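Participant:
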Ligand code: URA
Ligand code: SF4
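Residue numbers (full-length UniProt numbering): 9 to 209.
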């Protein structure tokens with residue numbers, strides 16, 4: 009099976025993990041993307057947030073959540089008074105997956121096999137960051153940590169326990185951007201974050 013495992017220097021510190029991730033060929037996604045986008049933030053951190061995968065802008069710049077979804081996330085975090093720079097932000101998959109349409113690169117959801125292949129990186133990030141709470145942004149991240157049958161719509165705003173980890177779940181900021189009723193979707197996202205924040209002591 010495809011896997012990042014042979015590229016992951018287990019037990020090493022964050023800097024060693026990040027630099028090794030730049031050489032990862034654990035699945036096909038490294039081929040078309042510009043670069044690996046590893047997680048960023050304080051290590052350790054009380055709060056970790058996990059998105060799906062870098063987007064177009066993240067792939068170009070090499071940093072997490074610097075595009076439109078990141079701006080929406082910043083706005084929502086500010087609304088609930090969570091300091092972005094106190095959280096460790098990462099993604100379930102470390103390379104941008106896309107199809108080309110003219111000059112545009114259109115996001116494609118990673119396959120389950122790609123999420124599973126990339127998981128050793130996320131597992132090591134959790135080991136070094138030691139978060140009190142992990143917030144999954146969207147179903148791809150939630151399924152990476154809670155299993156493929158996890159139903160986000162039944163649990164959004166809740167904190168679940170799994171393998172000694174506390175895992176909160178909400179939607180992905182991109183889903184808010186795409187929503188027909190933007191205001192309603194945004195307010196529900198903020199309400200989830202507010203509820204999840206309460207479980208940080
Ligand atoms: N969407 C994500 O899930 N992660 C990013 O880093 C950017 C957009
Ligand atoms: Fe490695 Fe993950 Fe990139 Fe695939 S997506 S090449 S597993 S870092």
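Every residue gets a Cβ at the ideal spot worked out from N, C-alpha and C, and that includes glycine. Quick caveat, the model's predicted, so the values are computed rather than measured.
Can you name the residues that DSSP bridges to residue 106?
Facilitator: Against the chain shown, residue 106 aligns to sequence position 98. DSSP lists 115 as partners of residue 106.
Participant: Less than 8 Å between the C-beta atoms of residue 197 and residue 178, yes or no?
Facilitator: Locating residue 197 in the chain shown gives position 189, counting from the first residue. Locating residue 178 in the chain shown gives position 170, counting from the first residue. Yes; because the gap between Cβ atoms is below 8 Å, this pair is in contact.
Participant: Could you pull the start and end residues of the alpha helix (DSSP H) that residue 193 belongs to?
Facilitator: In the chain shown, residue 193 corresponds to position 185, counting from 1. Where residue 193 is concerned, the enclosing alpha helix (DSSP H) stretches over 190 to 206.
Participant: Do residue 174 and residue 195 have their C-beta atoms closer together than 8 Å?
Facilitator: Residue 174 sits at position 166 when you count from the first residue of the chain shown. Residue 195 sits at position 187 when you count from the first residue of the chain shown. The answer is no: Cβ separation not under 8 Å.
Participant: When DSSP labels each residue in this structure, what does residue 101 get in the three-state scheme?
Facilitator: For the purposes of this step, residue 101 is taken as residue 93 along the chain shown, with counting starting at 1. Coil, per DSSP.
Participant: Mark residue 189 as exposed unless 16 or more other C-beta atoms lie within 10 angstroms of its C-beta, in which case mark it buried.
Facilitator: For the purposes of this step, residue 189 is taken as the residue at position 181 of the chain shown. Residue 189 counts as exposed, since fewer than 16 other C-beta atoms from the protein chains shown sit within 10 angstroms of its C-beta.
Participant: Below 7 Å, is the gap between the Cβ of residue 73 and the nearest heavy atom of the ligand URA?
Facilitator: In the chain shown, counting from the first residue as 1, residue 73 sits at position 65. Checking every heavy atom of the ligand URA against the Cβ of residue 73, one is found closer than 7 Å.
Participant: With a 10 Å radius around its C-beta and 16 neighbouring C-beta atoms as the bar for buried, classify residue 118 as buried or exposed.
Facilitator: Position 110 of the chain shown, counted from the first residue, corresponds to residue 118. It counts as buried.
Participant: When you compare each of 14, 59, 55 to residue 205 by their alpha carbons, which one comes out closest?
Facilitator: Taking the first residue of the chain shown as position 1, residue 205 is located at position 197. The candidate whose alpha carbon is nearest that of residue 205 is 55.
Participant: What are the boundary residues of the alpha helix (DSSP H) that residue 134 is part of?
Facilitator: Locating residue 134 in the chain shown gives position 126, counting from the first residue. Where residue 134 is concerned, the enclosing alpha helix (DSSP H) stretches over 120 to 137.
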